[in-house]
Amino acid sequence: MICAIAESGSLTRAAAQVGLSQPAMTNLLRRVETLIGGELFVRSRTGVEPTPLGDQVIARARIVLSEVDVLFGDLRGPSETGSLRLGSVHVGCVGSIVNQVGDVLPGREISLRIEPSAVLLAEALTHGRLDAALLGVIEGFGVTLAPPVASRTLVPRYPIFVALSAAHPLAGNEEIRLADLRDEAWISPPGADDGSLAALRASCRAAGFEPDVRFEAPSGAARPLVADGHGVRLVDPCWPAPEGTAVRPLAGEPQVARLLVAWRRDRLGDATAGALYRGLAAAFIDHVHDNPVFGRWWEAHPEVHPLV
Numbered sequence: 004m005i006c007a008i009a010e011s012g013s014l015t016r017a018a019a020q021v022g023l024s025q026p027a028m029t030n031l032l033r034r035v036e037t038l039i040g041g042e043l044f045v046r047s048r049t050g051v052e053p054t055p056l057g058d059q060v061i062a063r064a065r066i067v068l069s070e071v072d073v074l075f076g077d078l079r080g081p082s083e084t085g086s087l088r089l090g091s092v093h094v095g096c097v098g099s100i101v102n103q104v105g106d107v108l109p110g111r112e113i114s115l116r117i118e119p120s121a122v123l124l125a126e127a128l129t130h131g132r133l134d135a136a137l138l139g140v141i142e143g144f145g146v147t148l149a150p151p152v153a154s155r156t157l158v159p160r161y162p163i164f165v166a167l168s169a170a171h172p173l174a175g176n177e178e179i180r181l182a183d184l185r186d187e188a189w190i191s192p193p194g195a196d197d198g199s200l201a202a203l204r205a206s207c208r209a210a211g212f213e214p215d216v217r218f219e220a221p222s223g224a225a226r227p228l229v230a231d232g233h234g235v236r237l238v239d240p241c242w243p244a245p246e247g248t249a250v251r252p253l254a255g256e257p258q259v260a261r262l263l264v265a266w267r268r269d270r271l272g273d274a275t276a277g278a279l280y281r282g283l284a285a286a287f288i289d290h291v292h293d294n295p296v297f298g299r300w301w302e303a304h305p306e307v308h309p310l311v
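Going by our numbering, the sequence shown runs without a break in its numbering and finishes at 311.
Right, here's the structure in full:
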């Protein structure tokens with residue numbers, strides 16, 4: 004419960020994760036705080052945040068959970084059959100993941116959780132709520148992958164593009180200078196806790212301006228805002244431009260990310276992990292030409308292609 008609150012930053016979301024009502028969660032938290040002898044969390048403008056005592060307890064709790072995960076993993080051993088609980092960041096290849104992974108792991112029942120935050124996916128892996136995940140990480144930032152989670156790079160580097168209205172004066176350009184977007188309203192990038200928002204601000208400051216981040220919306224919900232000219236946003240380069248929008252590369256590639264495949268060694272053996280990697284690689288390659296501009300970038304950079 005303590006780790007769920009810390010990961011989600013919200014009593015309501017944490018209660019849903021562990022299967023409790025919010026009042027039950029609140030009462031249980033109070034009991035734990037009474038037992039420990041101090042407050043673990045305080046309310047903030049964005050939810051709840053750990054107190055200094057809470058930080059200490061959370062760190063110890065994560066160690067305990069990790070050890071329990073390893074214990075049961077050692078008792079069970081990796082499974083080569085049954086269900087596979089898979090997670091993925093919101094990238095263009097999600098439509099092919101189930102089919103491609105199913106082809107390389109026949110007989111496995113695959114479930115898929117799509118989540119904009121690589122941090123939340125990594126936490127779900129650490130605590131055993133997922134068996135494996137495709138993680139997107141902005142250059143200069145990282146995610147914590149605690150044992151028994153292992154990882155392998157799928158795509159070491161690829162550029163982030165910008166989406167804007169098809170009626171925008173810059174929509175016809177082959178690429179767009181970030182500095183030319185200084186007067187635009189921005190839609191906050193998904194997965195802000197992964198560093199995507201901090202990376203956007205840093206890139207814009209390097210281009211000489213502070214971005215006006217005016218909107219927050221899940222990936223799909225932002226499309227009408229872009230199409231109607233209310234704002235611009237960073238996007239995965241594989242996505243084809245939705246109707247009414249244009250997707251263009253940023254000059255000089257100021258925003259770069261990488262893709263990792265992560266899995267629990269106590270759930271997937273080496274052979275299964277290798278097959279999963281090949282399936283996810285095939286899914287990604289299926290969509291690199293959905294956006295012709297990114298397709299041309301991909302063909303010009305064979306050094307970033309998955310090593311299968």
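In this text, a Cβ means the ideal position worked out from N, Cα and C, and glycines have one as well.
Just the Cα atoms here: how many angstroms apart are Arg16 and Leu43?
Taking the straight line from one Cα to the other gives about 17 Å.
Pick from Leu262, Ala121, Arg155, Leu23 that is closest to Thr147, judged by C-alpha positions:
Ala121
Nearest-angstrom Cα distance between Leu23 and Ile113?
26 Å
What residue from Ile8, Met28, Gly12 has the CA that sits closest to Arg48's CA?
Gly12
Val152 by DSSP, collapsed to three states: which one?
strand
Rounded separation between Pro227 and Ile66 - CA only:
44 Å
Would you mind listing the beta strand (DSSP E) stretches within the segment 106-133 that are 3+ residues and don't spill past its ends, in chain order?
112-117
Hey, could you find the ends of the beta strand (DSSP E) Thr248 is sitting in?
248-252
Please name the residue or residues paired with Phe164 in a DSSP beta bridge.
Partner residues in the beta bridge of Phe164, as assigned by DSSP, are Val238, Pro252.
Could you check how far apart the C-beta atoms of Glu20 and Ala7 are, in whole angstroms? I think they sit under 8 Å.
Contrary to the premise, residue 20 reads as Gln rather than Glu in this sequence. Between Ala7 and Gln20 the Cβ distance is about 5 Å, and since that is below 8 Å, they are a contact.
Does DSSP put Val307 in a helix, a strand or coil?
helix
Between the Cα of Glu10 and the Cα atoms of Gly40, His93, Val51, Gly255, which residue gives the shortest distance?
Val51
Take Asp183 and list the residues in its own chain whose beta-carbon comes closer than 8 Å to its own, dropping the five residues that flank it on each side.
Leu173
Using beta-carbon positions only, say whether Gly90 and Leu124 come within less than 8 Å of one another.
yes
Count the other C-beta atoms from every protein chain shown that fall within 10 angstroms of the C-beta of Pro53, then say buried if there are 16 or more, exposed otherwise.
buried
For Ala202 and Phe164, which I take to be in contact (beta-carbon distance under 8 Å), what is that distance rounded to the nearest angstrom?
Cβ-Cβ separation between Ala202 and Phe164: approximately 14 Å, too far for a contact (criterion under 8 Å).
Can the beta-carbon of Ala135 be found closer than 8 Å to that of Ala265?
yes
Cα-Cα separation, Ile39 to Leu14
19 Å
For Gly272, name the three-state secondary structure that DSSP assigns.
coil
For the putative contact between Val152 and Leu128, defined by C-beta atoms under 8 Å, what is the C-beta separation to the nearest angstrom?
So it is a contact: roughly 5 Å between Cβ atoms.
Can you tell which of Val216, Val250, Ala244 has its C-alpha closest to the C-alpha of Gly234?
Val216
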